[in-house]
Amino acid sequence: MEFLTDKQKKFYSFMERTPLGTQLLTQWFILTKRKRIAYYEDKIRAAMVNYSENASWINDPKKVQSARRRIIFSMFAYGILPDEHYMFRFEDLSPAGKSKFITDKITVANLHKLNDYSYLRLFNNKYETYKVYGEYYRREMLKLTGEDDRADFRSFAVRNPIFVRKGETGACGRGIAKFDIADYPSIEALFDKFMDEVAQTGPVVVEELIKQSEKMASLNPTSVNTVRLLTLLADDGSVIYKYPFIKIGRNGTFVDNGGAGGLLAMIDEESGIINTKGVAESGESFTLHPDTSTPIPGFALPDWQGALELGRKLAPITPRVRYIGWDIAHTERGWVVVEGNFASMFVGQQICDQVGKRGEFCEIVDKLKDL
20 MEFLTDKQKK FYSFMERTPL GTQLLTQWFI LTKRKRIAYY EDKIRAAMVN
70 YSENASWIND PKKVQSARRR IIFSMFAYGI LPDEHYMFRF EDLSPAGKSK
120 FITDKITVAN LHKLNDYSYL RLFNNKYETY KVYGEYYRRE MLKLTGEDDR
170 ADFRSFAVRN PIFVRKGETG ACGRGIAKFD IADYPSIEAL FDKFMDEVAQ
220 TGPVVVEELI KQSEKMASLN PTSVNTVRLL TLLADDGSVI YKYPFIKIGR
270 NGTFVDNGGA GGLLAMIDEE SGIINTKGVA ESGESFTLHP DTSTPIPGFA
320 LPDWQGALEL GRKLAPITPR VRYIGWDIAH TERGWVVVEG NFASMFVGQQ
370 ICDQVGKRGE FCEIVDKLKD L
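Numbers in the working numbering are just positions in the sequence shown, counted from 1, shifted up by 19.
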């Protein structure tokens, strides 16, 4: 499913063949999409600063304006977000190359066919997701909303003196931290701290710490290194796996997300072997992990068939949500769910090998029946 009509795609492609055509079309976008451009203005600026190898040009008004116009063109001709313009290296691609990438708008267009949006609230709430899929989390989780939860938290903290705190909502590793009871005067004092957070930002979720397997810890021991396993529930109830990748943290960090400085690498979906270098969202790539020196390409994930089996069990639980990005971790007891993502974007799957997945993915989706 595409976000542009065939007529629009042909017209945009024709205009992009020449600098003048691109300039005219960009100016038309600027004149007709003012509100949307204004909404993204800060993100456009941030993308120019964060993803440019040499940001000294950011003080040159002419170069900034030129870069801004190129991003705006990509946003409306290809449906990308400002940071995707750099992560997918659109600056170096031909129109044909750009058209191969699954962009933000294409993902959203497919989501409307694949997923019932009434379930979005479920996946945006970590505790509600846990209540539905908790059997496969294989760990304890507790939601803190007020004073009535003090006794439950006390019992939880006795069983789990080191645990993880998360916001009830949130993404990209934001709001996630590890807590050790030994760092606080008492369990009661830490509960009071969480109550202050609840008063300011809403419910807090605490959960048992995931203890990853020794093999996974060899990549980076300070973070729980997770696999993003994308499942598509087919019309016949079978599960399709596409483009799994691993998220590997850096030394001293607790989260593994690419947006938090972690590395991403593609996994062969049949063998479970990493088949690309580790890539940071900034564009840097590594054959060896820069902190642990563990080789990344060729790394065989433990019990890969167990990971796929977990996906087969998870995907049918909510049949009206057919497209889910599962973050899973390997422990000594097997694979466990970290969280499920209703609107899993196609960033990691495409920056690792710089190969657009649009044609294959849209072909798969187009064969599926609408909800």
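Where is the CB? At the ideal position from N, CA and C, for every residue including glycine.
Do you know offhand how far residue i's Cα is from residue j's?
i: Trp-354; j: Glu-227; result: 15 Å
i: Ala-176; j: Gly-280; result: 30 Å
i: Thr-306; j: Leu-50; result: 45 Å
i: Ile-195; j: Leu-163; result: 15 Å
i: Ser-205; j: Asp-211; result: 10 Å
i: Ile-99; j: Val-127; result: 11 Å
i: Ser-232; j: Ile-265; result: 15 Å
i: Ala-236; j: Ile-315; result: 13 Å
i: Asp-254; j: Asp-385; result: 12 Å
i: Thr-41; j: Gln-27; result: 14 Å
i: Trp-76; j: Tyr-146; result: 45 Å
i: Asp-199; j: Phe-182; result: 7 Å
i: Val-223; j: Asn-244; result: 23 Å
i: Ser-363; j: Asn-129; result: 11 Å
i: Phe-172; j: Leu-161; result: 8 Å
i: Phe-142; j: Asn-78; result: 41 Å
i: Ser-85; j: Ile-125; result: 26 Å
i: Ile-292; j: Lys-119; result: 25 Å
i: Leu-23; j: Pro-263; result: 27 Å
i: Ile-383; j: Ala-201; result: 51 Å
i: Leu-39; j: Tyr-97; result: 18 Å
i: Arg-89; j: Val-366; result: 20 Å
i: Ala-65; j: Lys-82; result: 15 Å
In or out: residue i buried (at least 16 other Cβ within 10 Å) or exposed?
i: Lys-388; result: exposed
i: Val-68; result: exposed
i: Ser-242; result: buried
i: Glu-187; result: buried
i: Tyr-58; result: exposed
i: Glu-351; result: exposed
i: Ser-113; result: exposed
i: Asp-123; result: buried
i: Thr-43; result: The sequence shown places Leu at residue 43, rather than the Thr named in the question. So Leu-43 counts as exposed.
i: Leu-390; result: exposed
i: Ala-208; result: exposed
i: His-349; result: buried
i: Gln-368; result: buried
i: Arg-158; result: buried
i: Tyr-136; result: exposed
Using a Cβ-Cβ cutoff of less than 7 Å, which residues in the same chain neighbour residue i once the five nearest sequence positions on both sides are dropped?
i: Tyr-156; result: Tyr-149, Val-355 and Val-356
i: Phe-380; result: Ile-121 and Lys-261
i: Phe-48; result: Ile-91, Phe-92 and Phe-95
i: Tyr-138; result: Thr-337, Arg-339, Val-340 and Phe-361
i: Gly-325; result: Gly-353 and Trp-354
i: Gly-330; result: Leu-248, Thr-250, Val-258, Tyr-260 and Trp-345
i: Asn-239; result: Ile-267, Gly-268, Arg-269, Asn-270, His-308, Asp-310 and Thr-311
i: Gln-373; result: Arg-108
i: Thr-295; result: Ala-284, Met-285, Pro-316, Cys-371 and Asp-372
Cutting at 6 Å between CB atoms, please list the residues of its own chain near residue i, excluding the five before and the five after it.
i: Asn-134; result: Val-340 and Tyr-342
i: Ala-334; result: Thr-250, Leu-252 and Val-258
i: Arg-169; result: Phe-210
i: Tyr-203; result: Leu-209
i: Val-225; result: Leu-161, Phe-182 and Arg-184
Can you give me the Cβ contacts of residue i inside the same chain, cut-off strictly under 8 Å, excluding the 5 residues immediately before and after it?
i: Tyr-152; result: Leu-333, Ile-336, Val-356 and Gly-359
Identify every run of the beta strand (DSSP E) within the region 212-249, keeping only runs that are complete inside it and at least 3 residues long; order them along the chain.
If only complete runs of 3 or more residues are kept, the region 212-249 shows the beta strand (DSSP E) at 223-227, in order along the chain.
Within the chosen definition, does the region 103-110 reach the region 22-38 through at least 3 CB pairs nearer than 8 Å?
Flag = no, the region 103-110 and the region 22-38 do not touch.
Secondary structure, beta strand (DSSP E): runs of 3+ residues fully inside the region 121-198:
Here the runs fully enclosed are 160-163 and 181-186.
My parser needs the alpha helix (DSSP H) runs of 4 or more residues fully inside the region 252-311; what are they?
Entirely contained in the region 252-311, not one alpha helix (DSSP H) run reaches 4 residues.
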